[in-house]
Each structure stands twice: as structure tokens, then as C-alpha cells.
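Scroll down for the structure; my scribbles are underneath it.
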Amino acid sequence: MKGANTDALLRAQCAAATRLMVMENLLDYSGHVSARASGRDAFYIQPAMQPRTDVTPGSMLTIDFDGNVIEGDQRPPVEIAIHREIYKVRPDVHAIVHSHMELAIWFTMMEGVQLLPMRARAIRWQSGIPMDDDPSHIKTTQQGAKLARALGPHHACLMRAHGSVLTAESLPALLVDAVHFDENARAQMQVLQAGRTPLPLTPGELEQIDKHEMRDFHCEKLWKYYVGKGAAARALPGEWDVGA
Ligand SMILES: [Zn+2]
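Residue numbers are given in numbering that gives the first Met the number 0: position 191 of the sequence shown equals residue 190, and the series is strictly consecutive.
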């Protein structure tokens with residue numbers, strides 16, 4: 000991937016990842032993608048009222064870890080505590096998406112059913128997919144901190160009757176994770192809808208997949224694919240430099 004993680008690149012990737020997730024039905028009228036700003040306690044996120052199809056690198060707000068808007072003059076999303084509280088306690092996390100993916104939500108509403116690693120790419124969530132039991136919007140620091148505790152060291156957390164949070168090391172990796180998270184949930188749902196018992200990947204199978212995992216290569220390949228698809232569909236302006 001060309002280019003260092005400059006603030007300009009992060010803003011462009013944040014806007015691009017948002018638009019591409021809308022294109023792939025992973026985000027809709029609500030939900031948001033954020034990126035940790037380099038070298039400071041702050042992150043980029045879109046304004047609350049801007050349609051997810053219209054975000055641009057220039058429209059991204061910069062928010063500090065107290066929740067203040069330090070760059071930009073628009074109102075931030077109501078649920079920024081989700082992003083703020085996770086970045087505070089997870090230095091390994093550089094990108095977050097909170098979405099209301101329907102498939103993910105269904106797995107918070109079925110008695111005795113847990114979202115499991117079904118497809119090979121679900122190796123990403125082999126440590127587990129916990130759930131925060133708070134079904135309301137995350138408006139306070141306390142709620143955000145509780146969600147961050149529920150997430151713990153994992154890379155995904157379901158939110159009861161509300162949505163999900165995914166975390167990654169970069170925005171391209173976050174998009175790829177969102178694609179595979181949805182694929183995995185769909186696979187399990189289709190098995191359930193067929194009236195059959197899901198056969199999730201076993202610990203031995205996960206270990207075997209892990210041995211051959213090439214995450215950086217895979218993320219770079221898929222980022223290039225989705226950026227190209229987005230440009231062809233005119234969801235992304237071709238002139239944005241998003242490091243693809
Ligand atoms: Zn929400």
C-alpha cells in the first residue's frame with residue numbers, strides 16, 4: 000500500500016471506507032467509521048447529519064479523547080463515546096466501525112444461539128465475539144466504557160438489539176473485516192434457516208487456517224478491489240488518493 004499514514008490519507012480512507020461500506024450494505028443512514036489520528040489522542044469521524052454516501056476527506060471532524068471537536072465545525076455523531084472509549088484502552092486499534100448490520104443484530108435476539116466462526120475468514124474472531132447487553136444508544140462516557148470492557152481484547156462486539164462494533168489496525172483492514180463479518184453471519188443464518196445444525200470451525204481447523212493466514216496481503220488485495228469497484232460505480236471520486 001503506497002503512502003505513509005498521513006492525516007490526509009487517513010481522512011481520505013475514512014471517507015472511502017464509509018462510502019464503500021454503504022455500497023456493500025454494511026452501513027446505512029446511521030453508523031460511522033473512525034480512524035485514530037497519528038501521534039495524538041484524537042480520531043477522525045464524519046459529521047452526524049452528513050449522508051454516508053456524501054462524506055469527503057474534508058468533511059471529517061477531528062475529535063479529542065474528551066469528546067471535543069478540535070477540527071471542523073459540524074456536530075459529531077451522537078454515539079462518539081463508542082469510538083473514544085475504545086481508542087483510549089486499545090492502543091492496537093486504529094480504525095473502528097459501528098454499524099447496525101441487520102445480520103449481526105439478529106444474533107443478539109435468538110435464544111441459545113451464538114455467532115460462531117463458520118467461514119475461513121472468521122479466523123479474525125477466533126478469540127470470541129462478545130456482546131454488550133445495553134440495548135440503548137451509546138450516549139455517555141460510562142456506556143462507551145462499558146462497551147469497551149465488553150469488547151475486551153477481541154476484534155468485534157455485538158450490541159444487544161442495536162448493532163455491532165468492529166476494530167482493526169487500519170481502515171483497509173476494517174473494510175475487509177466488515178465484509179467477512181457479514182459473510183460469516185450470513186453463512187450461519189443460512190444454515191439455521193435451512194433447519195440444520197451449524198458446524199462451526201473447530202479449534203483444530205482454526206489453527207490450520209491460522210498457519211496459512213496472510214492478512215496484510217489479503218487486506219491490500221481486497222482494498223484495491225473495493226476501491227476500484229467503488230470508482231466504477233461512481234461511489235468514490237476517482238481522484239481521491241486512498242492508498243490503493
Ligand atoms: Zn448505533
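Every residue, glycine too, gets a C-beta built ideally from N, C-alpha and C.
Keep in mind that this is a model prediction, so the values were computed, not measured.
With a threshold of 8 Å on Cβ separation, who are the neighbours of residue i within its own chain once the five nearest residues in sequence on each side are excluded?
i	result
residue 229	15, 18, 19, 22, 235
residue 45	13, 14, 17, 31, 32, 51, 54, 58, 59, 60, 76
residue 8	2, 240, 241, 242
residue 208	119, 122, 200
residue 145	131, 133
Excluding the 5 residues flanking residue i on each side, which residues of the same chain have their C-beta closer than 7 Å to its C-beta?
i	result
residue 115	187, 197, 199
residue 132	159
residue 232	22
residue 142	80, 133
In whole angstroms, give me the CA-to-CA distance for residue i and residue j.
i	j	result
residue 0	residue 219	Residue placement at residue 0 cannot be trusted, given a pLDDT of 41 that sits under 50; what the coordinates show is reported in the next sentence. Near 7 Å, if we compare the C-alpha coordinates of residue 219 and residue 0.
residue 2	residue 55	The predicted model places residue 2 with a pLDDT of 41, which falls under 50 and marks its position as unreliable; any figure quoted below should be read in that light. Taking the straight line from one Cα to the other gives about 19 Å.
residue 189	residue 68	43 Å
residue 29	residue 48	9 Å
residue 101	residue 72	32 Å
residue 193	residue 122	24 Å
residue 180	residue 117	10 Å
residue 103	residue 113	11 Å
residue 225	residue 6	21 Å
residue 34	residue 212	25 Å
residue 78	residue 140	10 Å
residue 74	residue 238	27 Å
residue 70	residue 147	25 Å
residue 195	residue 66	46 Å
residue 227	residue 210	30 Å
residue 111	residue 202	21 Å
Tell me which residues share the same chain as residue i and place their Cβ nearer than 6 Å to its Cβ, disregarding the 5 neighbours each side in the sequence.
i	result
residue 221	175
residue 167	94, 173, 176
residue 171	218, 222
residue 134	159, 160, 161
residue 149	129, 131, 156
residue 215	none
Is the CB-CB distance between residue i and residue j below 8 Å?
i	j	result
residue 137	residue 184	no
residue 26	residue 98	yes
residue 182	residue 120	yes
residue 64	residue 40	yes
Going by CA-CA distance only, name the one from the options that's closest to residue i.
i	options	result
residue 62	42, 78, 74	42
residue 10	25, 208, 37, 24	37
residue 155	147, 165, 148, 149	165
residue 89	227, 210, 152, 34	152
residue 24	178, 78, 147	178
residue 206	124, 70, 74, 111	124
residue 96	202, 66, 169	169
Measuring from the CB of residue i, is there a heavy atom of ligand 2 at a distance below 7 Å?
i	result
residue 37	Ligand 2 is absent from the structure shown, which contains only ligand 1.
Comparing the C-beta of residue i with each C-beta of chain B, is any distance below 8 Å?
i	result
residue 68	As a matter of chain content, chain B is missing from the structure shown, which is built from one protein chain.
Original post:
Per the contact definition of three or more C-beta pairs closer than 8 Å, is the region 119-136 in contact with the region 80-89?
Top reply: Contact fails between the region 80-89 and the region 119-136, because fewer than three Cβ pairs, one in each stretch, are under 8 Å apart.
Original post:
Just checking, does the region 159-170 make contact with the region 100-107 on the three C-beta pairs under 8 Å criterion?
Top reply: Yes, since at least three Cβ pairs between the region 159-170 and the region 100-107 fall closer than 8 Å, the two stretches touch.
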